[in-house]
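Visitor:
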Amino acid sequence: STRSPKNPSNRLWIQEQQRRVFLRQLRQWSLGYDSSPYFQGKIGLLPPDPRSREEIGLGKSVSCILTDTTFTDARKRIVVRLFPPHTGTMDEVPRSKRRERHDYMDPFDTRLRSHGYHRDASSIEGFEFYQPSQSTSNPPNSYYKLVIRIGSGWLSARDYLSKLYFTHLLARKPSLRNPYLHTVDRIFTTRSQLLGPPPSPKDSVTIQPLFHPFLRLPPELQEMILRTASGLIKNYNLCADPHLYAQPKPSPDQQVPISLSTMFQISHAISRTMVPYTYRATTFHFSLTGFTNFLWQSGPGNRVEIRRLTFHYGRLALLHCLRWFAPDPVFDLLQPPVLTNPRALQYFWRCQIRDLAREVNLRCLTIDVKGVPSEDVNMVVRILKNAFGSVEHVRFVETNDDGSAQTVMGIQSEGLGEKNWRELCTRYFERHRLHQYFSRADLMRVSTGEFQRLMDGDMAFFD
564 STRSPKNPSN RLWIQEQQRR VFLRQLRQWS LGYDSSPYFQ GKIGLLPPDP
614 RSREEIGLGK SVSCILTDTT FTDARKRIVV RLFPPHTGTM DEVPRSKRRE
664 RHDYMDPFDT RLRSHGYHRD ASSIEGFEFY QPSQSTSNPP NSYYKLVIRI
714 GSGWLSARDY LSKLYFTHLL ARKPSLRNPY LHTVDRIFTT RSQLLGPPPS
764 PKDSVTIQPL FHPFLRLPPE LQEMILRTAS GLIKNYNLCA DPHLYAQPKP
814 SPDQQVPISL STMFQISHAI SRTMVPYTYR ATTFHFSLTG FTNFLWQSGP
864 GNRVEIRRLT FHYGRLALLH CLRWFAPDPV FDLLQPPVLT NPRALQYFWR
914 CQIRDLAREV NLRCLTIDVK GVPSEDVNMV VRILKNAFGS VEHVRFVETN
964 DDGSAQTVMG IQSEGLGEKN WRELCTRYFE RHRLHQYFSR ADLMRVSTGE
1014 FQRLMDGDMA FFD
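Quick note on our numbering: the sequence shown kicks off at 564 and runs consecutively.
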């Protein structure tokens, strides 16, 4: 027969069952909760009282004792509500209430917020790169949620515990301005004694920052774990055009647990070491767009950490380099047209990308020669080596349809790009003089001799 809650002994048994289940759920919350990254303490239930008719369970207001373990005895009585994980799927949510997640904190997000940028292949327009999605077996709302009463309302456990931590922060730091540290600790102890004995260990759940044990690991091991969790092993694809650099989408079992932006937001201590390390150890891949925005959003502190870049330009490699990276005398001589509105926008973008690129000192510059005419490679290398602050090594690869790359052995980087600008520009002029998109219109009527005389005006540079 079922136990009657009207019987005092049965009511005590029911309370014990509710307390046991609630403590197990509260412990699950403490293992995966979105709580304060600072507060350390315990949360415990009040001693059982057969006369109490308070129900203990999910969604109920439960009286607890919160303990701050940084003091000798700092307890306070609080009222909490614990809510279960949300198990509904996206199909159960009304379409009008769905919100698309935009993570604007991502330092590698090259999406532009402005509108009016020309959609020409030469323009520096933004794009969206692939963000790993959350695994369906571990949705972002599969954790218990805890709220704490404050005044007439409720506050999330994260905000409440963070406020409590910073309220006690000055009291925990002895200094000349705070000579009453022991007095504050004694006041907390006196107030706590008015609450009676502390909750027993079996009725308490420990609250502590989940990352403290992780931060005690060696930095190298931390970096390896975080890079594996974010899927950032060696390369980071920022190419907007899949035809220039094809990257197959990972299968569901290959989805990474966290995005790169989430990794950088875990803690300030991790970001201080992981952000520079990520820039130094990662090869960033670009096609015809997005490079300027990447350098701009990275900031001056991170631009100097970039060591490896790979460009996938295809057959427009030389034209793209002339438009945006070529030295001013070469650009003024050829002036390949770009359709921008207003016209001066082209020159602004060009100045911007050249100024930003000069701050980058590369250990390895990789050029994907797939689709690049062999006679253009020499001038492409010369322009790119001149655009960056320094380039230690140039590497040539050819990518396959599955995204894999093979080193091209027939091209020797030593001595490549060392020809003078006069010879490079003359060969370019002879190959493309009849193509209206490769140089300004008046050069189509100029002979090779007249083109040479145009370069004589700046012999110190071209020779």
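Cβ coordinates follow ideal geometry from the N, Cα and C atoms, glycine included.
#1: In its own chain, which residues sit with a C-beta less than 6 Å from the C-beta of residue 642, not counting the 5 before and 5 after it?
#2: Do you know how far the Cα of residue 875 is from the Cα of residue 802?
#3: Terminal residues of the continuous alpha helix (DSSP H) containing residue 831?
#4: Are at least three pairs of beta-carbons, each pair with one atom in the segment 896 to 914 and one in the segment 952 to 966, less than 8 Å apart?
#5: Is residue 968 buried or exposed, if buried means 16 or more other CB atoms sit within 10 Å of its CB?
#6: In its own chain, which residues sit with a C-beta less than 8 Å from the C-beta of residue 990, not counting the 5 before and 5 after it?
#7: Checking the sheet assignment: what are the DSSP bridge partners for residue 718?
#8: Please report how far the alpha carbon of residue 796 lies from the alpha carbon of residue 823, in whole angstroms.
#9: With a threshold of 7 Å (Cβ to nearest heavy atom), would residue 937 be considered close to the ligand NAP?
#10: Given that a residue counts as buried once 16 or more other Cβ atoms are within 10 Å of its Cβ, and exposed if not, what is residue 850?
#11: Thinking C-beta only, is residue 706 closer than 8 Å to residue 786?
#12: List the residues that DSSP assigns as beta-bridge partners of residue 968.
#13: Give the list of continuous alpha helix (DSSP H) stretches no shorter than 4 residues that lie fully inside the segment 987 to 1022.
#14: Could you check what DSSP says for residue 948 in three-state terms: helix, strand or coil?
#15: From the DSSP secondary-structure annotation, give me the bridge partner or partners of residue 641.
#16: Please state the DSSP three-state secondary structure of residue 861.
#17: Distance, Cα to Cα, residue 634 vs residue 589?
#18: Below 7 Å CB to CB, which residues in the same chain sit around residue 884 once its five sequence neighbours on both sides are set aside?
#19: Classify residue 874 as helix, strand or coil using the three-state DSSP reduction.
#20: Would you say residue 639 and residue 770 are within 8 Å of each other, going by their C-beta atoms?
#21: Looking at the structure shown, is residue 575 part of a helix, part of a strand, or coil, going by DSSP?
#22: Are the segment 990 to 1003 and the segment 860 to 867 in contact at 8 Å, needing three or more beta carbon pairs?
#23: Return the chain-ordered ranges of every beta strand (DSSP E) run that is complete within the segment 883 to 944 and spans a minimum of 3 residues.
#24: If we call anything under 8 Å between Cβ atoms a contact, is residue 906 one with residue 888?
#25: Return the Cβ separation of residue 636 and residue 727 in integer angstroms, given the expectation that the two are a contact with Cβ distance under 8 Å.
#26: Which residues mark the beginning and the end of the alpha helix (DSSP H) in which residue 769 is found?
#27: May I have the straight-line CA-CA distance separating residue 695 from residue 825, to the nearest angstrom?
#28: Would you kindly work out how many angstroms separate the C-alpha atoms of residue 963 and residue 930, rounded to a whole number?
#29: So for residue 808, helix, strand or coil by DSSP?
#30: Looking only at C-alpha atoms, which of 933, 949, 953, 932 sits nearest to residue 924?
#31: With distances taken between CB atoms, is the gap from residue 629 to residue 646 smaller than 8 Å?
#32: Give every residue of the same chain whose Cβ lies closer than 6 Å to the Cβ of residue 994, excluding the five residues on either side of it in the sequence, and list them in chain order.
#33: How far does the alpha helix (DSSP H) with residue 621 in it reach, from first residue to last?
#34: Taking all protein chains shown into account, decide if residue 1023 is buried (16 or more other Cβ within 10 angstroms of its Cβ) or exposed.
#35: Considering just the uninterrupted stretch of the beta strand (DSSP E) at residue 608, what are its terminal residues?
#36: Apply the 10 Å Cβ neighbour rule to residue 1007 and answer buried if 16 or more other Cβ atoms are within range, or exposed otherwise.
Guide: Working from what's here:
#1: For residue 642, the CB contacts under 6 Å within the same chain, skipping 5 residues up- and downstream, are 624, 626, 712 in chain order.
#2: Our two residues, residue 802 and residue 875, have alpha carbons roughly 8 Å apart in a direct line.
#3: In the DSSP annotation of this structure, the continuous segment of the alpha helix (DSSP H) that includes residue 831 starts and ends at 831 to 844.
#4: Too few Cβ pairs lie closer than 8 Å, so no.
#5: Counting the other Cβ atoms within 10 Å of the Cβ of residue 968 gives 16 or more, which makes it buried.
#6: 938, 942.
#7: Residue pairing from DSSP places residue 718 in a beta bridge opposite 711.
#8: Using only the alpha carbons, I get a separation of about 12 Å.
#9: Absence of the ligand NAP is noted for the structure shown, with no ligands found whatsoever.
#10: Label assigned to residue 850: buried.
#11: No. Outside cutoff.
#12: Answer is 962, bridged to residue 968.
#13: Every alpha helix (DSSP H) of 4 residues or more that sits fully in the segment 987 to 1022 is shown, in chain order, as 1011 to 1018.
#14: Here residue 948 sits in helix by DSSP.
#15: According to DSSP, residue 641 bridges with 627.
#16: The DSSP-derived three-state label of residue 861 is helix.
#17: Here the alpha carbon of residue 634 sits roughly 23 Å from the alpha carbon of residue 589.
#18: Contacts found: 943, 946, 947.
#19: For residue 874, the secondary structure class from DSSP, reduced to helix, strand or coil, is strand.
#20: In this structure, residue 639 lies away from residue 770, with their beta-carbon atoms at least 8 Å apart.
#21: Helix at residue 575.
#22: With the rule of 3 Cβ pairs closer than 8 Å, the segment 990 to 1003 does not count as touching the segment 860 to 867.
#23: List check, beta strand (DSSP E) in window: 927 to 931.
#24: Cβ distance not < 8 Å, so residue 906 and residue 888 don't count as in contact.
#25: Residue 636 to residue 727, Cβ: 15 Å. No contact.
#26: Note, residue 769: premise wrong, no alpha helix (DSSP H); beta strand (DSSP E) at 767 to 770.
#27: A caution first: residue 695 carries a pLDDT of 35, below 50, which makes its placement in the model too unreliable to give a value.
#28: Residue 963 and residue 930: Cα-Cα distance of roughly 14 Å.
#29: In the three-state reduction of the DSSP assignment, residue 808 falls in the coil class, being assigned neither a helical nor a strand state.
#30: Checked all of 933, 949, 953, 932; the closest Cα to residue 924 is 953.
#31: Cβ atoms of residue 629 and residue 646: not closer than 8 Å.
#32: Close CB contacts of residue 994 within its chain, under the 6 Å cut and outside five residues either way in sequence, are absent.
#33: No alpha helix (DSSP H) contains residue 621, which DSSP labels as neither H nor E.
#34: Under this definition residue 1023 is an exposed residue.
#35: Segment 604 to 608, the beta strand (DSSP E) holding residue 608.
#36: When all chains shown are included, residue 1007 counts as exposed.
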